[in-house]
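Student: Using the numbering used here, you'd call the opening residue of the sequence shown number 1 and step up by one each time.
Just so it is clear, CB atoms sit at the ideal spot from N, CA and C, and this is done for glycine as well.
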Amino acid sequence: MHAFKGNQKKLVHLWRLEGARERLRLVKADLMEEGSLDDAILEILEPAVEGTLNVLHSCKKNLSLRRVVLTSSSSAVRVKPDEDFDSNIPLDESSWSSVKLCETLRWHSVLVEV
């Protein structure tokens, strides 16, 4: 689990959680400072992708399973260059955000969603 460093009194309950000493990581970040979360976001990208793949592989083993619903955020489909974005076109499984644009803008949190 990743959380922001902040007022230590407000974080005491997190350290009391089972497994916190092994799995809790506090990161220093300033939401008003561009890029202050980049490293923390990059660290959660791989577990997000691998975790999703593990779930899907397990689902594939269940022959009675008919559908899987994967929820995400609008970030997965809404980040596009202005010339490619048309608000009149419905968003669906083919409407992915532009990975190249996200990388150029250093929007690593959106890359987690794509």
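Report yes if the C-beta distance between Ser94 and Val77 is below 7 Å; otherwise report no.
Tutor: No, these two residues do not count as a Cβ contact at 7 Å.
Student: Quick check: what's the CA-CA separation for Leu91 versus Glu50?
Tutor: Rounded to whole angstroms, Leu91 to Glu50 spans 25 Å at the Cα level.
Student: Around the C-beta of Ser72, are 16 or more other C-beta atoms found within 10 angstroms, so that it is buried, or is it exposed?
Tutor: Burial call: exposed.
Student: Distance check for Leu14 and Ala20, CA to CA, integer angstroms please.
Tutor: So the two alpha carbons sit approximately 7 Å from each other.
Student: Given this structure, state the Cα-to-Cα distance separating Leu63 from Asp30, to the nearest angstrom.
Tutor: For Leu63 and Asp30, the distance between alpha carbons rounds to 47 Å.
Student: How would you label Ile89, buried or exposed, when you count the other beta carbons within 10 angstroms and need 16 or more for buried?
Tutor: Label assigned to Ile89: exposed.
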